[in-house]
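Beneath this line is the structure, given in C-alpha cells, with notes to follow.
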Amino acid sequence: MSVEQRAAARGMLQKGETGLPAEAQRAGFDELFAERPLGADVTLAERTLGGVRALDVRVEGANSAGVILYLHGGGYVVGSARTGANLAAPLSRLSGVPAVSLDYRLAPEHQFPAGIHDALAAYRELVDSGQNVVIAADSAGGGLALATLLSARAEGLPMPAGVVLFSPWADAALTGPSIDTRGEYDPLFNRPIMEEYAAMYLGGADAADELASPLGADLKGLPPLLVQVGSAEVLLDDALRLVARAAEQEVDVSLDVVAGAPHVFQYFAGFLPEADEALERAATFIKHRLASVL
443 MSVEQRAAAR GMLQKGETGL PAEAQRAGFD ELFAERPLGA DVTLAERTLG
493 GVRALDVRVE GANSAGVILY LHGGGYVVGS ARTGANLAAP LSRLSGVPAV
543 SLDYRLAPEH QFPAGIHDAL AAYRELVDSG QNVVIAADSA GGGLALATLL
593 SARAEGLPMP AGVVLFSPWA DAALTGPSID TRGEYDPLFN RPIMEEYAAM
643 YLGGADAADE LASPLGADLK GLPPLLVQVG SAEVLLDDAL RLVARAAEQE
693 VDVSLDVVAG APHVFQYFAG FLPEADEALE RAATFIKHRL ASVL
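In our numbering, the protein residues as written are 443 to 736.
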C-alpha cells in the first residue's frame, strides 16, 4: 500500500457529529454499509441463534467444517448483522468456512450487558449443537467478543477454536494514550466521539467492569487470538495493550499493525492491498485453528 493510497483511504472517511440521536447515527451508518454488494456468490438467510436474530452468510463453496460467528462493530450503538456480513462474507469465501452474523441488541435502548447476553446465547447454541466455532469481530464487536469469551469461561463452556479481532475496542474506560495522541490522525474517531459511545453503552455502569473493558480482565485460558489494527486510529493502544496482556498471561496471540491504515481498514479490500492481505491472513488463521480441533 503506497503512502498515497493510505492517505486516499483516510480521506474517504470523516468524523461523525456528537449529539446525534442513535436512530440518526444508525441511518447514516446503514447508508454507507448496509447495502454494500457482497458478491454474486453470497446469499443471506434470516435465522435465530439462542433466540437472537442473525443472518446466515452463505457463500458458494464455503462448506468446510466449523462456523464463523461474526460480531459487527458500531460503538455498541450502530451496525447490524447486515453490516457485519460485509466482513463475514470475505472471511467465509477465503477460508471456506460458513459464517453467521449476529444482530445483537444495541444501546442506548439495550445497554450493557445486553449485547453480551445475546452473543453468549448465540455462542452457547452453536457449541451445544456440536459446532466448532471461530469468533471474528470488529471494533466494538471485538470488545463484545472478548466479553463473550470471559462469560463463556465463567459458565464452563468450551472456548472457540480461535478469535479474529479487527481494531478491537477493548477498554470502555478510554485509558489508552492513543485515544488522545491519535485523535487528529484518526479520520473517524476522537475522544469526544468515543466518550459518547461509551456513555450510551454503559448507561452509568462501571467502565472498569471486566465485561465492559475486557482489556483489564484475567485472560488466562482464552483461545489463540489474531489482532489486526491500523496505526491511524485512536484504538491503536487498545490492540497493543491487549496483545501484550494476552502474551503475559500465556495466551497465543498474533498482531498485525498496518502503518497509516484507518480503523477496520479491512473494509478497503479491493482498494488497499494490505486490506486484502489482512483478510487472507485472517482466513488462514481461521482454517488452521479449526483444523487443530477437528
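In this text, a Cβ means the ideal position worked out from N, Cα and C, and glycines have one as well.
Item                                                                                                                 : Value
Burial state of residue 590 (16 or more Cβ within 10 Å)                                                              : buried
Closest residue to residue 708 among 716, 466 and 506 (Cα-Cα distance)                                               : 716
Given 8 Å, three or more beta-carbon pairs between the segment 638–647 and the segment 659–675                       : no
Span of the beta strand (DSSP E), counted from its first residue to its last, around residue 608                     : 604–608
Bounding residues of the alpha helix (DSSP H) (the contiguous stretch that carries residue 419)                      : The displayed coordinates of the chain run from 443 to 736. Any statement about residue 419 would go beyond what the structure contains.
Simplified DSSP assignment, three categories, for residue 580                                                        : strand
Segment contact, 8 Å Cβ cut-off, at least three pairs: the segment 599–612 with the segment 538–552                  : no
For residue 512: DSSP bridge partner residues                                                                        : 543 and 578
Nearest residue (CA-CA) to residue 706, options 621, 670, 459 and 570                                                : 670
Contact set for residue 537: own chain, Cβ-Cβ below 6 Å, skip 5 residues either direction                            : 725, 728 and 729
Identity of the residue in 517, 532, 466 and 449 nearest residue 482 by Cα                                           : 532
Proximity of residue 655 and residue 613 at Cβ, strictly below 9 Å                                                   : yes
Own chain partners of residue 574 with C-beta closer than 6 Å, once the 5 adjacent residues on each side are dropped : 508, 603, 732 and 735
DSSP beta-bridge partners of residue 489                                                                             : 496
Residue 537 in three-state terms, based on DSSP                                                                      : helix
Residue environment, residue 451, which counts as buried when at least 16 other CB atoms sit within 10 Å             : buried
Exposure of residue 528, with buried meaning 16 or more beta-carbon neighbours within 10 Å                           : buried
Outcome for residue 560 when other beta-carbon atoms lying within 10 angstroms are tallied against a minimum of 16   : buried
Residue environment, residue 525, which counts as buried when at least 16 other CB atoms sit within 10 Å             : buried
Cβ shell of residue 662 (< 6 Å), same chain only, five flanking positions each side left out                         : 691
Assigned exposure category for residue 636 - 16 Cβ within 10 Å defines buried                                        : buried
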